[in-house]
Structures are given as C-alpha cells and as structure tokens.
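Going by our numbering, the first residue of the sequence shown is number 64, and it counts up by one from there. Glycine included, each C-beta is placed from N, C-alpha and C at the ideal position. Inspection log for the structure reproduced underneath, given as structure tokens.
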Amino acid sequence: MIKKLLVLLIVLATAWVGLLAIAELPPYGMPDNPVHNQVSERYINDALEETRAMNMVTAIVLDYRAYDTMFETIVLFTAALAVVITLKTDKKELGDGEEEGGR
C-alpha cells in the first residue's frame, strides 16, 4: 500500500513539474520568441553566399548542421540494428530446444 502511494506521489509530482514547465513556455507564433534570434537571421541572410546551395533547407541541413545530421543517422541506424539483433533467433538454439521437447 505504501509503495502504491509513493508511486502515485512521484507521478503527481512529475506531472506538476511538467505543468509548471509548460506554463513558462512563450506563446506560440509570437515574433519575439527566443527561437527567432540572430542565428536564424544569419542562416537566412548568409546561406547562399556561404554554402553556394540554391535551396536554403539543403544549405542548413548539409552545411551548417552536417555533423548533427550524421550523428542522428548513426543513432537511428544503431537503434534499427539493436532491434534486428534483439528479434533475431538463433536457429541452432531453436532447433536444439525443439528436438529435446519432441522426443
């Protein structure tokens, strides 16, 4: 009973902290939000000169954020590989178990 109350208290405390954090977020779509800062202005103004890419999205993804994109790809590949390894069954182990159970 005490364990259930402790779990409930932890869940409620986590929810309370989450709600407090959400309440501190700036309003969506306002031009003076922190996400609209000088970095994005620099990308918009200097992307063509610095990267020679005609598409701004391509310039940002492949030039400014290339390492970030590469490491995200590595993480996704590693996760997919982990799923494949986890779901893979060894035929030898499966065959040994079936033979013993069948005889």
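Where Ala84 is concerned, the enclosing alpha helix (DSSP H) starts and stops at Ile65 to Ala86. Judged by their CB atoms, Asn100 and Pro89 are not nearer to each other than the 9 Å cut-off.
By the neighbour-count criterion, in which 16 or more other beta carbons inside 10 Å mark a residue as buried, Ala110 falls on the buried side. Contact check for Ala122 against Tyr106 passes: the beta carbons are separated by less than 9 Å.
The three-state secondary structure of Asn96, taken from DSSP, is coil.
CA-to-CA, the gap between Leu125 and Thr132 works out to about 8 Å.
Cα atoms of Ala86 and Thr77: separation of roughly 14 Å, rounded to the nearest angstrom.
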